[in-house]
Every structure is written in C-alpha cells, then in structure tokens.
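Colleague: The structure under discussion is supplied below as structure tokens; questions concerning it will follow.
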Amino acid sequence: MLPDERKREIAEIVTEENGSTVADLAGRLDVSEATIRRDLRDLEDDGRVERSHGGALPVKTVGEERTYGQKQVQGRDAKRIIGERAVETLQDGQVVFFDSGTTTIEVAKHVPDDVTITAATNSPLVSMQLAEAGIEVKVTGGTLRRSTWSLVGPTGEGFLDRTNFDVLFLGTNGIHPDSGLTTPNEDEARIKSLMCEKASRVVLVADNSKFGRRSFFRFASFEDVDTLVTDAPVPAEYREPFETMGVEIIEEVGE
605 MLPDERKREI
615 AEIVTEENGS
625 TVADLAGRLD
635 VSEATIRRDL
645 RDLEDDGRVE
655 RSHGGALPVK
665 TVGEERTYGQ
675 KQVQGRDAKR
685 IIGERAVETL
695 QDGQVVFFDS
705 GTTTIEVAKH
715 VPDDVTITAA
725 TNSPLVSMQL
735 AEAGIEVKVT
745 GGTLRRSTWS
755 LVGPTGEGFL
765 DRTNFDVLFL
775 GTNGIHPDSG
785 LTTPNEDEAR
795 IKSLMCEKAS
805 RVVLVADNSK
815 FGRRSFFRFA
825 SFEDVDTLVT
835 DAPVPAEYRE
845 PFETMGVEII
855 EEVGE
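Residues in the sequence shown are numbered from 605 upward in steps of one, following this note's numbering.
Set out below in structure tokens:
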C-alpha cells in the first residue's frame with residue numbers, strides 16, 4: 605500500500621470508528637507503530653485527524669462534542685498531573701463541587717485521605733469515585749447525558765439554586781481569548797454557569813489541548829475563574845488575560 609493510500613485508510617478508520625489507537629492501526633495495516641505515528645503527524649498537519657495519547661481522534665468542529673470514552677483516551681497523563689496539583693489546597697470542612705468530566709474525575713481520585721470534605725457533583729461517575737473513597741457526596745439529580753455522563757436540566761439547576769460551595773472544580777471544552785470558556789451543549793453550559801455563581805472559589809482544571817478551542821455555548825469568562833490548573837506552561841496569549849483578572853495559575857513547567 606502506498607503512503608497516501610495508507611493515510612487515507614487511517615483517516616477513514618479514525619473518523620468512522622470515532623478514534624483508534626496506534627497499536628490497532630499498526631496491526632490492521634500491517635506496518636510498524638513508528639510508521640503510524642508519522643502518518644498521524646502528517647494527517648494532523650493536514651487537519652484530517654487529531655492526535656491523542658496513544659492514538660488519534662476525528663477532527664471536531666465548533667458544534668460537535670466528543671463522547672466520554674473518547675475523552676478518556678486523550679491526555680491521560682496530563683489529567684493525572686492536573687488531578688494531583690488541583691487538590692493541594694483543599695482544607696478540612698470544605699464543601700466542594702466536582703463538575704462532570706474526565707479531568708474532574710482525576711481530581712476526585714486524588715483527594716487526600718487526611719482531608720475531610722463534603723462533596724457534591726452532577727456526575728454519577730465522580731460520585732462513585734468519591735463514595736468509594738469514603739467521602740460524603742451529594743448528587744444533583746437531573747437528566748443524564750449519555751455522551752458525557754453528566755446530569756443536567758431543571759432538577760440539577762434547582763439543586764444548585766439551593767446550595768453554596770467553598771470550591772468548584774470546573775471543566776471546559778474550550779478556552780479562547782475571545783469566547784472565554786465554552787461547551788458544545790446548551791444544558792451543560794447553563795448548569796456550569798450556575799456552578800460558577802454558587803462557588804466561593806472556582807478552580808478551572810484543563811489540559812493544554814483546551815487552549816485555542818472554542819465551542820458553541822459560552823458559560824464563563826476568564827474573570828469568573830480564581831485558579832487555573834493545567835499540565836503545561838500556559839501560552840502567552842492566554843496567560844496575560846488570566847493574570848489581568850487576578851487568576852492564580854498552577855502549571856506543570858517540567859524540568
């Protein structure tokens with residue numbers, strides 16, 4: 605198979621199957637994993653796929669949304685780093701809200717054993733993680749979005765109207781200097797906005813792939829954030845507006 609034919613086949617597999625791993629592609633096309641990685645770099649440069657940790661995902665437009673499973677594939681190490689750093693300032697007795705998402709579940713996994721908190725979340729998966737760790741957790745209720753495992757709608761919004769939190773661990777689909785924080789779904793945007801309103805401290809947890817992305821619905825601006833936790837140095841064009849708003853930046857600088 606010629607290189608161009610192989611790349612076309614890779615792009616079709618990734619698009620039709622909503623993502624694939626390097627190992628799977630190498631086995632199916634009978635080439636080395638190194639060859640697949642080179643092809644994926646070329647395809648990403650051409651805008652035909654998006655590389656992820658250990659594989660590739662289909663390119664998404666502003667209005668589209670990855671499934672929870674797709675997000676799990678992407679940036680696992682980055683999300684673990686964020687989870688470890690985000691919980692460093694948790695204190696005994698705090699009431700903490702965990703947004704739904706693959707990054708916030710990593711935060712939940714890293715809550716220290718010696719810190720006692722009361723938790724709340726709109727994510728059944730986050731609630732199970734916290735409960736297994738012996739943490740008291742309240743769940744908003746609402747309508748479950750299967751694509752993101754997030755509870756949304758009037759029931760969850762009513763829960764947020766009646767409650768207040770010391771800390772919110774907030775996820776996002778995109779961070780953009782013109783659009784602020786965005787998500788593809790209107791119901792998710794509405795409940796995220798309410799979370800921000802009801803929290804004394806908003807901690808945005810986002811890996812480096814979120815910078816420069818923009819989704820359909822805006823739910824918060826940079827000034828709504830108190831702390832940003834990310835896995836890599838923040839690009840200058842984003843650092844300036846965050847710092848102008850007095851946002852604390854916790855980033856993994858590397859060695």
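Ideal placement from N, C-alpha and C gives every residue a C-beta, glycine not left out.
Quantities reported herein were computed from a predicted structural model and do not represent experimental measurements.
#1: Assuming T831 contacts E852 under a Cβ cut-off of 8 Å, what Cβ separation, rounded to an integer in Å, is found between them?
#2: Quick one: give me the first and last residue of the alpha helix (DSSP H) that I795 is part of.
#3: Please state the DSSP three-state secondary structure of P837.
#4: Assuming T708 contacts P662 under a Cβ cut-off of 8 Å, what Cβ separation, rounded to an integer in Å, is found between them?
#5: On a CA-only basis, which of S813, K742, F826, E827 is nearest P837? Give me that one, please.
#6: For P758, which of helix, strand or coil comes out of DSSP?
#7: Contact between the segment 819-830 and the segment 715-728: three or more CB pairs below 8 Å?
#8: Would you check if the segment 760-774 and the segment 740-749 touch, i.e. whether three or more CB-CB distances between them fall below 8 Å?
#9: So, for L772: in the same chain, excluding its five sequence neighbours on each side, which residues have a beta-carbon less than 6 Å away from its beta-carbon?
#10: Measure the C-alpha to C-alpha separation of L774 and V809 and round it to an integer number of angstroms.
#11: Helix, strand or coil: how does DSSP classify A724 here?
#12: Give the DSSP-derived three-state secondary structure of I640 in the structure shown.
#13: Could you give the first and the last residue of the continuous alpha helix (DSSP H) run that contains V618?
#14: CB-CB under 6 Å to S825, same chain, minus the five flanking residues each way: which ones, in chain order?
#15: Quick check on this structure: which residue in R680, R641, V715, G659 has the alpha carbon closest to the alpha carbon of Q695?
#16: Tell me the DSSP secondary structure of I686 in three-state form.
#17: So D628 is in the alpha helix (DSSP H); what residue range does that whole segment cover?
#18: Output the distance between the C-alpha atoms of V829 and M605, rounded to the nearest integer angstrom.
#19: What are the boundary residues of the alpha helix (DSSP H) that includes A712?
#20: Count the other CB atoms, across all protein chains shown, that sit within 10 Å of the CB of S704; report buried if there are 16 or more and exposed otherwise.
#21: Would you report the Cα separation of R689 and E609, rounded to the nearest angstrom?
#22: In terms of DSSP beta bridges, what is E654 paired with?
#23: Taking just the CA atoms, how far does D770 sit from K611?
Modeller: Answer, in terms of the structure:
#1: 4 Å
#2: 790-802
#3: coil
#4: Actually they do not touch by this definition, with Cβ atoms about 24 Å apart.
#5: S813
#6: helix
#7: no
#8: yes
#9: F701, M799, A803, V806
#10: 6 Å
#11: strand
#12: helix
#13: First-last of the alpha helix (DSSP H) with V618: 607-620.
#14: So the qualifying residues of the chain are G784.
#15: V715
#16: Three-state result, I686: helix.
#17: 626-633
#18: V829 and M605: Cα-Cα distance of roughly 51 Å.
#19: 706-713
#20: buried
#21: 44 Å
#22: According to DSSP, which records beta bridges pairwise, E654 is partnered with L661.
#23: Cα atoms of K611 and D770: separation of roughly 50 Å, rounded to the nearest angstrom.
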